[in-house]
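When you line the sequence shown up against UniProt numbering, it's residues 1 to 507, in that order.
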Amino acid sequence: MVEASSASMVSPLARWCWPPAGLSDIPIERLSVSTCPRPRATLTQGENMAQRVGPTRRGVDGTPVEPLSIKHPNAAGIDIGGASHYVAVPPDRVGKGEPAVREFGPHTEDLVAVANWLCACRIDTVALESTGVYWIALYELLQARGFEVWLVDAKSVRHVKARKSDVLDCQWLQQLHSFGLLSQAHRPDEQVCALREMSRLRDITIDERARHTQRMQKALTQMNVQLTNVITDITGETGMNIIRAIVAGERDRMALAQLRNYRVHASTEQIAKALEGRWSREHLFSLAHELKAYDFASEQIARLDAEIEGRLEAMRVFDKRPEANANKGRRKNTLAFDGRRALMNWCGVDLTEVPGIDVGTALKILSELGSSLTRFATAKHFCSWLGLCPGTRISGNKKLSGASKRIPNRVARALKLAALGLSRSRCAMGAYYRKLALRMGSPKAITAVAHKLARIVHAMLSGQASYVKEDQARHEARYRERAIKALQKRAQELGLTLSPQAVPAQP
């Protein structure tokens, strides 16, 4: 405790907080730091980082936080671009006066020069930004040359503010990678990547064929041919027979109506009434054009199905036959071969046993992930990568938001569509969805059910286990038991007892 008489011994920089003589009882206003700044020692960047992250600093659980250390001393960073690539290596790997950052072109001989320079600099691991599709050629070349290539998301690599340039980007990547601060993106092996390319191309072609179908409907509507009012799907047998006959020159509506299939609910007279319209030349030309494009897209889908079947046969590991599943028959846009058996013989489990997952969804999941999920340590890591986990943003012991991350992930999108398809399903997963939708709304319920489906998929692919089906009645019974136990526990805490009482049935 310093007495007032010793105020004269205090340095001038510290005396600013003392009140004037004789006015010790009068409160005074504290001066700002800018008026009388405190002396501060000038620290280097390394000393400053050492002060921020030191061996004595402790985390929330009390464990000491270790200082940053070099994890990958032979690391390089590459900033990918469409016209050039900037490569950064550690400064001690180049000669005196030589730059540690070099710019290379996008051509194949330039990519070979990148690999040769990295070999000369004794580099064994490289970090790349996933910029568009420009990284693929360099990634494959470096991987073939024996480098450990880390593909990182450009959004997760935040640069220092006001220091944005291609040269600094590659240096920043190199520094982060050397300290082990980067997260590697998931990229399956070469065979799975080829299957993924075919699966994605098939989805794109299906979407294009759907657009051609919409344009055919538009051309018919413009001619006031109300075929969509009497037929559910114009791409079915009846619809395509009528459209092809119209394009071929048939205009008699009774003759066109005779092309109906016997399973169509509308009668021949109703279809003939809907086919009476104004046959405009330009709209007939548009209809023929879209029909030809529709047929071409269908041929491309058939070729892609044959290619996918061949690749799945080449990756065959098991020889299993899935059990008959009466609830999942053939659907529209499904594979032209027995995709369920082919996928099961590749990964060892039948993902179509899970409610909401059909053959197309299983193909999309396996083509994006592969048959093994060893890359993900636990199911929590897998669900976090999908962006299906609740948010854990906390500041000052206060939870900021519990919203899940918005990640453009194809597997997560497929699982959400599968969860949406369970809204009216009479299974345990459907009952779970309806219970959550009633409490928190449909969007959050879809995410929660997709999260549960992701955990099931991870358990099946990691443990080679089959899915145990549970009907809605069993799920409701288990839910009732849990609710009763919770009420009994709450009553016991309040010093009360619960006695069951029969309730008469509602008339």
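Ideal Cβ placement from N, Cα and C applies to all residues, glycine included.
Computed from a predicted structure; not experimentally measured.
Item to complete: Within its chain, find whatever has a CB closer than 7 Å to the CB of glutamate 368; leave out the 5 residues flanking it on each side and keep chain order.
Response: So the qualifying residues of the chain are Arg196, Arg410 and Val411.
Discussion item. From the DSSP secondary-structure annotation, give me the bridge partner or partners of isoleucine 394.
Written reply: Lys399
Practice prompt. Reducing DSSP to helix, strand and coil, say where residue 523 ends up.
Written response: Within the shown structure, residues of the chain are numbered from 1 to 507, placing residue 523 beyond reach of any answer.
Worksheet item: Taking buried to mean at least 16 other C-beta atoms within 10 Å of its own C-beta, is proline 500 buried or exposed?
Response: exposed
Worksheet item: Quick one: any contact between the stretch 474-490 and the stretch 374-389, if contact means 3 or more CB pairs under 8 Å?
Response: With a cut-off of 8 Å, the stretch 374-389 and the stretch 474-490 do not count as touching, because too few Cβ pairs lie within range.
Fill in: Beta-ladder partner(s) of phenylalanine 104, from DSSP
His85.
Discussion item. To the nearest angstrom, how far is the alpha carbon of threonine 213 from that of serine 199?
Written reply: 21 Å
Worksheet item: According to DSSP, is valine 354 helix, strand or coil?
Response: If DSSP states are grouped into helix, strand and coil, valine 354 belongs with coil.
Practice prompt. Evaluate leucine 494 with the Cβ neighbour count: other Cβ atoms within 10 Å of its Cβ, from every protein chain shown; 16 or more gives buried, anything less gives exposed.
Written response: Answer is exposed; the Cβ neighbour count stays below 16.
Worksheet item: Quick one: what's threonine 213 bridged to in DSSP?
Response: Paired residues: none, contrary to the question.
Practice prompt. Please determine if the stretch 395-408 and the stretch 329-339 are in contact, where contact requires at least 3 C-beta pairs separated by less than 8 Å.
Written response: no
Worksheet entry | Start-to-end residues for the alpha helix (DSSP H) that takes in glutamate 276 | Taken as a continuous stretch (DSSP letters only), glutamate 276 belongs to no alpha helix (DSSP H), as it is neither H nor E.
Discussion item. What residue range does the beta strand (DSSP E) around leucine 373 cover?
Written reply: Run containing leucine 373: none; DSSP gives neither H nor E here.
Fill in: C-alpha gap between isoleucine 231 and arginine 263, whole angstroms
11 Å
Discussion item. Please classify methionine 254 as buried or exposed, where buried requires at least 16 neighbouring CB atoms within 10 angstroms.
Written reply: exposed
Discussion item. By alpha-carbon positions, which one of Glu208, Ser286 and Arg211 ends up nearest to isoleucine 246?
Written reply: For isoleucine 246, the closest of Glu208, Ser286 and Arg211 by C-alpha to C-alpha distance is Ser286.
Fill in: Per DSSP, the bridge partner or partners of isoleucine 78
Val87 and Leu128
Fill in: Selection from Thr228, Ile357 and Leu128 that minimises the alpha carbon distance to leucine 182
Leu128
Worksheet item: Based on the DSSP secondary-structure assignment, which residues constitute the bridge partners of glutamate 148?
Response: Thr125
Worksheet item: Sorted by chain position, which residues of the same chain lie with C-beta nearer than 8 Å to leucine 201's C-beta, five sequence neighbours on each side aside?
Response: Leu304
Worksheet entry | Burial state of serine 130, where buried means 16 or more other Cβ atoms lie within 10 Å | buried
Item to complete: Output the distance between the C-alpha atoms of leucine 496 and alanine 445, rounded to the nearest integer angstrom.
Response: 34 Å
Worksheet item: Which residue's Cα is closest to the Cα of arginine 426: Arg340, Gly356 and Glu140?
Response: Gly356
Worksheet item: Candidates His107, Gly310, Arg341 and Glu470: which alpha carbon is nearest aspartate 319's?
Response: Arg341
Fill in: C-alpha gap between lysine 469 and methionine 429, whole angstroms
Looking at the two C-alpha atoms, the distance is approximately 10 Å.
Worksheet item: Between the Cα of alanine 418 and the Cα atoms of Gly180, Met460 and Leu351, which residue gives the shortest distance?
Response: Leu351
Practice prompt. List the whole-angstrom C-beta distance separating valine 94 from cysteine 119, where the pair is believed to meet the contact cut-off of C-beta under 8 Å.
Written response: Contact between valine 94 and cysteine 119 does not hold, since their C-beta atoms are separated by about 13 Å, which reaches or exceeds 8 Å.
Fill in: Endpoints, the alpha helix (DSSP H) within which histidine 458 is located
442-463
Practice prompt. Express the C-alpha separation of phenylalanine 104 and glycine 81 in angstroms, rounding to a whole number.
Written response: 10 Å
Discussion item. I need the straight-line Cα distance from alanine 502 to alanine 362, nearest angstrom please.
Written reply: One alpha carbon belongs to alanine 502, the other to alanine 362, and they sit about 46 Å apart.
Fill in: Where serine 69 falls, given that 16 or more other Cβ within 10 Å makes a residue buried
Serine 69 is exposed by the Cβ-count criterion.
Fill in: Same chain, Cβ closer than 7 Å to leucine 259, five either side skipped, listed in chain order
Thr238, Asn241, Ile242 and Ala245
Fill in: Element boundaries [alpha helix (DSSP H), containing leucine 181]
It is not in any alpha helix (DSSP H) - leucine 181 carries neither H nor E in the DSSP assignment.
Practice prompt. Classify arginine 52 as helix, strand or coil using the three-state DSSP reduction.
Written response: Any reading at arginine 52 must be qualified, since the residue scores a pLDDT of 46, below 50, and its modelled position is unreliable; the value itself is stated next. Helix, per DSSP.
Worksheet item: How many Å lie between leucine 373 and histidine 458 at the Cα?
Response: 7 Å
Fill in: Euclidean distance between Cα positions of leucine 343 and aspartate 92
50 Å
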